[in-house]
Amino acid sequence: MSRRKAREFAFKVLFQVDQVNADPHQAFRYLLQDNTLAEKDRGFSWDLIVGSLAHLEQIDKEIGTYARDWSINRMSAVDRNIIRVAGYEIMFYEHSQPVVAIDEALEIAKKYGDDTSAAFVNAILDKILGASK
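Numbered by this note's numbering, the letters in the sequence shown go through residues 19 to 151 in order.
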């Protein structure tokens, strides 16, 4: 559960960066003021944030490959940023557990997205996982 919370923090920071060009450091610190996150999970969350932002262009290109009817900018901001975090974890994170990353992304999508978010996120992430093998 704590890793899910770390992933959720990463999603929230990416969402803020995406929507209002927030500074990732400030957004992360702000979240930590009102929410507890174990020290080990803070590092994991921050790795996801930094990695997702560093590889954003490549991740978005991969998303665009599989979301044929949806340009990255037409997607729901919630879905887009959930996919970005999990996509980073699948494609680039050294200690990745891709199936866990997808499962956690689906839970976050159910919590923050609309009725179709989990299915959409799952479809894209499954294709990214298949391509990364």
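Glycine included, C-beta positions come from ideal geometry on N, C-alpha and C.
Bear in mind the structure is a predicted one, so any value in this text is a computation, not a measurement.
If we call anything under 8 Å between Cβ atoms a contact, is residue i one with residue j?
i	j	result
V103	R25	yes
M109	E75	no
I101	V139	yes
E112	R22	no
A123	L147	no
Quick one: give me the first and last residue of the alpha helix (DSSP H) that residue i is part of.
i	result
W88	Neither: W88 is in no alpha helix (DSSP H) and is coded neither H nor E.
T83	L74 to Y84
Q34	S20 to V38
H43	P42 to D52
Tell me whether residue i is buried or exposed, calling it buried when 16 or more other Cβ atoms sit within 10 Å of its Cβ.
i	result
A127	buried
K13	Absent from the structure is residue 13, since the part of the chain shown begins at 19 and ends at 151.
V31	buried
G69	buried
V35	buried
On a Cα-Cα basis, can you pick out the residue from the options that is closest to residue i?
i	options	result
Q37	K58, N91 and D65	N91
D132	I146, T54, R98 and N53	R98
R60	F27, D41 and G82	F27
S135	S94, Q51, G105 and Y106	S94
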